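Engineer:
Protein chains: 2
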Amino acid sequence: MDTGDDELLDAAFLALADPVRRRIISRLSRGPATVNELAEPFAITKQAVSKHIQVLEQAQLVTRTRDAQRRPVHLNPARLEALTAWIDQYRLVREGQFRSLDAVLQSRAAASGTQAKDPS
Amino acid sequence: MDTGDDELLDAAFLALADPVRRRIISRLSRGPATVNELAEPFAITKQAVSKHIQVLEQAQLVTRTRDAQRRPVHLNPARLEALTAWIDQYRLVREGQFRSLDAVLQSRAAASGTQAKDPS
DNA sequence: GCCTTAAACAACCAATAGGTTGATAAAGCA
DNA sequence: TGCTTTATCAACCTATTGGTTGTTTAAGGC
């Protein structure tokens, strides 16, 4: 019953476990940006920022498009939702003191359009 | 304006970036358990599981209590909420296509009782 | 064509994460 | 007291992260 998106959860949570990457997410929530723009506020090299973006991209939290020699990075909100969906399973179970897990998952799926899957 | 809970977010997201630790969270959502009980379904040593629990404890996602020679581990749902709060900031901003960030944070704070803080 | 800019690729390095085995501590039970 | 159970501590090994510098590719501007 376990799905193969374990690695995607791994990658997504790992991607957010770094303040630089979280600030990149924060910046991208206000619109797309290039690597140079994203690197500017940090005291690390652009190569390092580029690697951070690769990590975010691998987790599918961001996507890169091509615009001439620019390569703007865009946020992918759908993946962020997948994370809250995972967390909320357990959070809601505790809050509701054992009202059915199925009910919780189904209400979440209905609200967000996300597939209700088996937790890992 | 930046708060010092950056490390707590680091620790919490890192803690969830591992399938073993996510399964431990899943198990604990059904009630407290000892290290031995938690280790049973895994093909790794108890020492390794103990280390995983240390990681979760450092992130304040779980707490340990003392009960004779047992040391039951309990879930701490409040910390899970802090993670969804962080993610939802940016998720909601995108969905609302730039309705005020302040409004979003305040509505979240009102709904969950969480303090509306400056994102890192 | 040549130069500049944007960004990726490659090799390398130090620090840490996840795992192991072995020893130790603390609490109950005989 | 001595034995068993529960769980941690300590040392060690290997793979991976996060960072660096240096080189290369790709697209425009002149």
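For the record, the sequence lines run as chains A and B.
When you read off a place in the first sequence, starting at 1, and then add 3, the result is the number in my numbering.
When you read off a place in the second sequence, starting at 1, and then add 3, the result is the number in my numbering.
Every residue gets a Cβ at the ideal spot worked out from N, C-alpha and C, and that includes glycine.
On a predicted model such as this, the values are computed, not experimentally measured, just so you know.
Helix, strand or coil for Arg1 (chain A) per DSSP?
Structural biologist: As shown, chain A starts at 4 and ends at 123. That puts residue 1 (chain A) outside it, with no answer to give.
Engineer: Going by Cα to Cα distance, which pick from A:Arg69, A:Ala71 and A:Ala42 is closest to Ile56 (chain A)?
Structural biologist: Mapped onto the first sequence, residue 56 (chain A) falls at position 53. Of the listed residues, the one whose Cα sits closest to Ile56 (chain A) is A:Ala42.
Engineer: Let's see if you can read the secondary structure: which residues bound the alpha helix (DSSP H) around Arg27 (chain B)?
Structural biologist: For this step, residue 27 (chain B) is matched to residue 24 along the second sequence. Per the sequence presented here, residue 27 (chain B) reads as Ile, with Arg not at that position. Counting along the chain, the alpha helix (DSSP H) containing Ile27 (chain B) begins and ends at Pro22 to Leu31.
Engineer: So with CB distances below 9 Å, who are the chain B contacts of Asp21 (chain A)?
Structural biologist: Residue numbering aside, residue 21 (chain A) sits at position 18 when the first sequence is read from its first letter. Simply Asp13, Phe16 and Leu17.
Engineer: Should the segment 67–79 of chain B be called in touch with the segment 9–25 of chain A, which here means at least 3 C-beta pairs below 8 Å?
Structural biologist: With the cut-off at 8 Å, the segment 67–79 of chain B and the segment 9–25 of chain A do not touch.
Engineer: If we define contact as Cβ-Cβ less than 8 Å, is Arg69 (chain A) a contact residue for chain B?
Structural biologist: Taking the first sequence and counting its residues from 1, one reaches residue 69 (chain A) at position 66. Not one chain B Cβ lies under 8 Å of Arg69 (chain A).
Engineer: Would you check if there are 3 or more beta carbon pairs closer than 8 Å linking the segment 22–36 of chain A to the segment 57–64 of chain A?
Structural biologist: With a cut-off of 8 Å, the segment 57–64 of chain A and the segment 22–36 of chain A count as touching, because enough Cβ pairs lie within range.
Engineer: Bridge partners for Val76 (chain A) per DSSP, in chain order?
Structural biologist: Start at 1 with the first residue of the first sequence, and residue 76 (chain A) comes out as number 73. DSSP, once it has assigned bridges, lists A:Ala36 and A:Arg67 as partnering Val76 (chain A).
Engineer: Pick out whichever of B:Pro80, B:Leu64, B:Ile90 and B:Arg69 has its Cα sitting closest to the Cα of Thr37 (chain B).
Structural biologist: For this step, residue 37 (chain B) is matched to residue 34 along the second sequence. The candidate whose alpha carbon is nearest that of Thr37 (chain B) is B:Arg69.
Engineer: Determine the contact status of Phe3 (chain A) and Ala20 (chain B), defining contact as a CB-CB distance below 8 Å.
Structural biologist: In the structure as shown, chain A begins at 4 and stops at 123. Residue 3 (chain A) is therefore absent and cannot be evaluated.
Engineer: Just curious, the alpha helix (DSSP H) that Phe45 (chain A) is in, first and last residue?
Structural biologist: Taking the first sequence and counting its residues from 1, the one referred to as residue 45 (chain A) is at position 42. It is not in any alpha helix (DSSP H) - Phe45 (chain A) carries neither H nor E in the DSSP assignment.
Engineer: Nearest to Leu31 (chain A) by alpha carbon, out of A:Leu64, A:Thr48 and A:Lys54?
Structural biologist: As a position in the first sequence, residue 31 (chain A) is number 28, starting the count at 1. Here the closest residue by C-alpha is A:Leu64.
Engineer: Would you give the residue range spanned by the alpha helix (DSSP H) that Arg13 (chain A) belongs to?
Structural biologist: Here residue 13 (chain A) is taken as the residue at index 10 of the first sequence, counted from 1. With the sequence shown as reference, residue 13 (chain A) is identified as Asp, and Arg is not the correct amino acid for it. From DSSP, the alpha helix (DSSP H) with Asp13 (chain A) extends over Asp9 to Leu19.
Engineer: Can you give me the Cβ contacts of Ser53 (chain A) inside the same chain, cut-off strictly under 7 Å, excluding the 5 residues immediately before and after it?
Structural biologist: Translated into positions along the first sequence, residue 53 (chain A) becomes position 50. Val38, listed in sequence order.
Engineer: Among residues of its own chain, excluding the 5 on either side of Asn79 (chain A), which ones have a beta-carbon nearer than 8 Å to its beta-carbon?
Structural biologist: Start at 1 with the first residue of the first sequence, and residue 79 (chain A) comes out as number 76. Answer for Asn79 (chain A): Gln63, Leu64, Val65 and Thr66, listed in chain order.
Engineer: Could you check whether the Cβ of Asp8 (chain A) sits closer than 8 Å to any Cβ belonging to chain B?
Structural biologist: Working through the first sequence from its first residue, we reach residue 8 (chain A) at position 5. For Asp8 (chain A), the answer is no, since every Cβ of chain B falls outside 8 Å of its Cβ.
Engineer: In chain A, what lies closer than 7 Å to Leu86 (chain B) by C-beta?
Structural biologist: Mapped onto the second sequence, residue 86 (chain B) falls at position 83. Simply Ile90.
Engineer: Rounded to whole angstroms, how far is the Cβ of Asp91 (chain B) from the Cβ of Thr87 (chain A), which I believe are closer than 8 Å?
Structural biologist: Residue mapping note: residue 91 (chain B) aligns to position 88 of the second sequence, counting from 1. Residue mapping note: residue 87 (chain A) aligns to position 84 of the first sequence, counting from 1. That pair is a contact at about 6 Å.
Engineer: When the Cα atoms are used, what is the spatial distance from Ala18 (chain B) to Arg33 (chain B)?
Structural biologist: In the second sequence, counting from the first residue as 1, residue 18 (chain B) sits at position 15. In the second sequence, counting from the first residue as 1, residue 33 (chain B) sits at position 30. Cα to Cα, Ala18 (chain B) sits roughly 19 Å from Arg33 (chain B).
Engineer: Going straight from the alpha carbon of Arg82 (chain A) to that of Glu84 (chain B), what length do you get?
Structural biologist: Against the first sequence, residue 82 (chain A) aligns to sequence position 79. Against the second sequence, residue 84 (chain B) aligns to sequence position 81. Using only the alpha carbons, I get a separation of about 18 Å.
Engineer: Exposed or buried, what is Arg102 (chain B) when buried is set at 16 or more other beta-carbons lying within 10 Å of its beta-carbon?
Structural biologist: Here the question's residue 102 (chain B) lines up with position 99 in the second sequence. Because Arg102 (chain B) carries a pLDDT of 45, less than 50, the predicted location of this residue cannot be relied on, and the following value inherits that uncertainty. Counting Cβ neighbours within 10 Å, Arg102 (chain B) comes out exposed, since fewer than 16 surround it.
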